[in-house]
């Protein structure tokens with residue numbers, strides 16, 4: 001339903017209130033979001049990642065406000081903050097609902113890819129609370145620790161960029177962005193083989209995974225020919241029934257859910273580059 005409402009918002013003059021109601025259907029009494037908001041697990045428990053996804057989605061459609069962040073989101077995030085000052089990526093599900101294997105062994109320590117976007121959104125909405133000080137120390141130290149280890153992950157990098165775009169320490173942000181650009185261009189990070197079935201999917205990113213629009217911070221990494229070629233191939237990857245597929249999922253049902261997510265992403269990217277007829 002979230003993908004349907006987002007599609008309606010972006011392509012059919014939909015109302016942002018519809019997105020809000022779809023997102024809040026996943027909210028728990030503790031303020032976190034669960035219930036299989038991402039298809040990797042159907043468990044009802046609140047997850048930091050799902051709560052970040054909810055925050056990002058409301059921001060995407062212009063529904064988010066300072067009051068919503070402080071009242072509806074921060075109590076949960078503060079409740080799951082670790083001693084290091086950051087919030088975990090995921091928690092191991094406590095229920096017996098189906099889930100991907102990596103959920104059962106996930107490390108429940110503070111993570112850059114949840115803490116960074118949260119901080120970025122707090123800065124974007126000009127929020128200043130004590131929680132942010134230690135969290136920011138954690139984020140900068142984590143950038144220094146992991147260096148180039150996860151630049152292949154196009155799910156992580158945009159979340160890092162949310163922080164780097166809005167942090168007040170722009171000198172440090174510029175240095176980090178320059179390092180990211182250098183590491184992304186290392187041979188083997190961007191998948192250049194368009195015949196590869198995994199092209200554009202997790203672990204095999206292409207230029208559009210990093211530069212989802214001409215305004216993207218990383219757009220300058222790729223020349224016009226590369227972007228044009230990848231846009232053409234993205235169109236070619238569409239299936240006869242309209243979807244963009246993915247190999248990922250623990251069942252045929254979750255593969256279809258992921259295909260919905262992938263399809264919405266592809267349509268938004270194509271729209272950003274003016275490739276969809278109005």
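Residue numbers (the working numbering): 1 to 278. Cβ atoms here follow ideal geometry from the backbone N, Cα and C, with glycine treated the same way.
Item                                                                                                              : Value
Exposed unless 16 or more other CB atoms sit within 10 angstroms - verdict on residue 217                         : buried
Where the alpha helix (DSSP H) through residue 238 begins and ends                                                : No alpha helix (DSSP H) contains residue 238, which DSSP labels as neither H nor E.
Where the alpha helix (DSSP H) containing residue 5 begins and where it ends                                      : 2-11
Contained alpha helix (DSSP H) runs [length at least 4] in the region 84-153, N- to C-terminal order              : 101-104, 112-124, 131-146
Where the alpha helix (DSSP H) containing residue 23 begins and where it ends                                     : 16-24
Residue span of the alpha helix (DSSP H) that contains residue 166, given as start and end                        : 157-166
Collapsed DSSP secondary structure at residue 77 in the structure displayed                                       : helix
Simplified DSSP state of residue 82, which is helix, strand or coil                                               : coil
Distance between beta carbons of residue 115 and residue 138, contact taken as under 8 Å                          : 6 Å
For residue 257, the nearest candidate out of 42, 9, 25 (CA to CA)                                                : 42
Beta-bridge partners of residue 50, as assigned by DSSP                                                           : BP columns for residue 50 are empty, so no partner.
DSSP three-state assignment for residue 226, whether helix, strand or coil                                        : helix
6 Å CB neighbourhood of residue 32 in its chain, flanking five on each side removed                               : 46, 51, 76
Simplified DSSP assignment, three categories, for residue 263                                                     : helix
Residue 129, buried or exposed, once every other Cβ within 10 Å from all chains shown has been counted against 16 : exposed
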